[in-house]
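Novice: Heads up, the sequence shown is in the working numbering, so the first residue is 1051 and it goes up one at a time. Just so it is clear, CB atoms sit at the ideal spot from N, CA and C, and this is done for glycine as well.
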Amino acid sequence: MSDADLGVDPGTDPGATAPASRAPVDRYARWTGLVVGALAGRWLATLGHGDGVLYAVSAFGLCAVAGVLAGDALTPPARGAVRTAGLAPRRVRDYVPPRLTRLLVALAGALVVLLAAAGAVASPDDLGRAGRTLTLTCRGMTQSNGPWPGFFYGLPMLVSLAVATAACGWSLRRIARRPGDEQSRRDRALAVVAAWGLVVSTSLLGAASTASGALTNLTCDGAAGTAANAVLWPLALIALFTVPWALVTVCSPRASWGRGAGGTGRRWARRRAGRGDAR
């Protein structure tokens, strides 16, 4: 087990920060990811008479993740005077915001369930392309409406979620293991969690609102459609509030969490101190 695993940071000062000349690189990389994602999303949304909006939200989220990871990779760890530390291993969960992380994990689970359920009941469109519409039959008539988040749209969204999860998980592990001060690790871990949350929340918002819109335009959905909308609307509303939080956090993690969340950072520090880490 390496020194980084054990929480020993030779050559690192708790109050050290990244060199001023490199600090803007992180911020510019994040903003670049958001801008590129917005441009890519705008282009994709115009495809197929607006049906590409579900692809657009996934592309935007992945570009945001790429910007955050690029900024982290381009910024060197803080350096300073040698200090001592305890032998308690550093873990990823010590640096991510626990409540928000649990919320995002729950939203990711809801997204997977929604896309799986939508894909199971999806129908081909008028051109025979599977998984693009919802078709229902009642009282001797057949109704179809789309776009519907079936597997035509759902599979790319699930792939983007899997890619973002793997990339962010690797980055969080790297942040926890490498040298640096505690506050810097928390700030960077929060930015990574927010970028992953942007993929989750934008995808969930797009899928839930699209499915709800299709159900609202059908009269054959009956009680099942009413029950589905009762679930979809709250999910879309939660995702709608999560998206701006994630955007602000990606751009400025300390402003949105370190100062706005009160004593959370201090609670994390006390928790690590109780485990024997250096203070």
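#1: So for Asn-1279, helix, strand or coil by DSSP?
#2: As a quick exercise: from Leu-1157, Ala-1180, Ala-1244, pick the residue whose alpha carbon is nearest that of Trp-1295.
#3: How many Å lie between Pro-1205 and Leu-1112 at the Cα?
#4: Identify every residue that forms a DSSP beta bridge with Thr-1187.
#5: Spell out whether any CB of chain D is found under 8 Å from the CB atom of Asp-1231.
#6: May I ask you to list the residues that DSSP assigns as paired with Ser-1173?
#7: Between which two residues does the alpha helix (DSSP H) harbouring Val-1209 extend?
#8: Threshold first: 4 residues or longer. Then list the alpha helix (DSSP H) segments lying entirely within the region 1138 to 1167, N to C.
#9: Does the pairing of the region 1226 to 1238 with the region 1191 to 1199 give three or more beta-carbon distances under 8 Å?
#10: Does the structure place the region 1102 to 1120 close enough to the region 1143 to 1159 that three or more beta carbon pairs sit under 8 Å?
#11: Where does Gly-1247 fall in DSSP's three states?
#12: At a cut of 8 Å, does the region 1167 to 1185 reach the region 1073 to 1090 through at least three beta carbon pairs?
#13: Measuring straight from C-alpha to C-alpha, what distance separates Ala-1158 and Arg-1141?
#14: Where do the N-terminal and C-terminal ends of the alpha helix (DSSP H) with Ser-1108 fall, by residue?
#15: Distance check for Met-1191 and Gly-1272, CA to CA, integer angstroms please.
#16: Which residue's Cα is closest to the Cα of Ala-1289: Arg-1228, Leu-1084, Ala-1160, Leu-1094?
#17: Please report how far the alpha carbon of Val-1162 lies from the alpha carbon of Ala-1114, in whole angstroms.
#18: What's the call for Gly-1083, buried or exposed, on a 16-neighbour Cβ count within 10 Å?
#19: Just to confirm my understanding: we take Tyr-1203, look at its own chain, exclude 5 residues before and 5 after, and list those with CB closer than 6 Å. What are they?
#20: Is DSSP giving Cys-1301 helix, strand or coil here?
#21: Helix, strand or coil for Gly-1178? Go by DSSP, reduced to three states.
#22: Taking 8 Å as the cut-off, decide whether the C-beta atoms of Ala-1106 and Ala-1095 are in contact.
#23: Thinking just about the alpha-carbon of each residue, which of Val-1242, Leu-1285, Ala-1261, Gly-1275 is nearest to the one in Cys-1301?
#24: Within its chain, find whatever has a CB closer than 7 Å to the CB of Leu-1165; leave out the 5 residues flanking it on each side and keep chain order.
#25: Whole angstroms are fine: how far does the CA of Leu-1222 sit from the CA of Ala-1172?
#26: Apart from the five residues just before and just after Tyr-1145, which ones in its own chain have a Cβ nearer than 7 Å to its Cβ?
Specialist: Per the coordinate set shown:
#1: Mapped onto the sequence shown, residue 1279 falls at position 229. Of the three classes helix, strand and coil, the one that applies to Asn-1279 here is helix, per DSSP.
#2: Here the question's residue 1295 lines up with position 245 in the sequence shown. Trp-1295 has its Cα closest to that of Ala-1244, out of Leu-1157, Ala-1180, Ala-1244.
#3: Residue numbering aside, residue 1205 sits at position 155 when the sequence shown is read from its first letter. Residue numbering aside, residue 1112 sits at position 62 when the sequence shown is read from its first letter. Here residue 1205 is Leu; the residue named in the question, Pro, does not match the sequence. Going by the C-alpha atoms only, they are around 15 Å apart.
#4: For the purposes of this step, residue 1187 is taken as the residue at position 137 of the sequence shown. Thr-1192.
#5: Given the protein chain composition of this structure (a single chain), no chain D is represented.
#6: As a position in the sequence shown, residue 1173 is number 123, starting the count at 1. Beta-bridge pairing links Ser-1173 to Thr-1183.
#7: Residue mapping note: residue 1209 aligns to position 159 of the sequence shown, counting from 1. From DSSP, the alpha helix (DSSP H) with Val-1209 extends over 1201 to 1227.
#8: none
#9: no
#10: no
#11: Translated into the one-based positions of the sequence shown, residue 1247 becomes position 197. DSSP places Gly-1247 in helix when its eight states are reduced to three.
#12: no
#13: Looking up residue 1158 in the sequence shown gives position 108. Looking up residue 1141 in the sequence shown gives position 91. Rounded to whole angstroms, Ala-1158 to Arg-1141 spans 22 Å at the Cα level.
#14: Here residue 1108 corresponds to residue number 58 of the sequence shown, with the count starting at 1. Unbroken alpha helix (DSSP H) run through Ser-1108: 1103 to 1124.
#15: Reading the sequence shown from its first residue, position 222 is the one you call residue 1272. Reading the sequence shown from its first residue, position 141 is the one you call residue 1191. Whole-angstrom Cα-Cα distance: 14 Å.
#16: As a first step, residue 1289 must be located in the sequence shown, where it is residue number 239. Measuring from the Cα of Ala-1289, the nearest candidate turns out to be Ala-1160.
#17: Taking the sequence shown and counting its residues from 1, one reaches residue 1162 at position 112. Taking the sequence shown and counting its residues from 1, one reaches residue 1114 at position 64. Rounded to whole angstroms, Val-1162 to Ala-1114 spans 20 Å at the Cα level.
#18: One-based indexing of the sequence shown puts residue 1083 at position 33. Flag for Gly-1083 reads buried.
#19: Translated into the one-based positions of the sequence shown, residue 1203 becomes position 153. Around Tyr-1203: Leu-1104.
#20: By one-based count along the sequence shown, residue 1301 stands at place 251. In this structure, Cys-1301 counts as helix in the three-state DSSP scheme.
#21: Working through the sequence shown from its first residue, we reach residue 1178 at position 128. Here Gly-1178 sits in coil by DSSP.
#22: For this step, residue 1106 is matched to residue 56 along the sequence shown. For this step, residue 1095 is matched to residue 45 along the sequence shown. Yes, the Cβ-Cβ distance between Ala-1106 and Ala-1095 is below 8 Å.
#23: As a first step, residue 1301 is located in the sequence shown; it is residue number 251 there, counting from the start. Closest option to Cys-1301, Cα to Cα, is Val-1242.
#24: In the sequence shown, counting from the first residue as 1, residue 1165 sits at position 115. These residues qualify, in order along the chain: Pro-1199, Gly-1204, Met-1207, Leu-1208, Ala-1257.
#25: By 1-based counting over the sequence shown, the position of residue 1172 is 122. By 1-based counting over the sequence shown, the position of residue 1222 is 172. Approximately 36 Å, taken between the alpha carbons.
#26: Position 95 of the sequence shown, counted from the start, is the residue given in the question as residue 1145. So the qualifying residues of the chain are Ile-1225, Ala-1226, Arg-1235, Arg-1236, Ala-1239.
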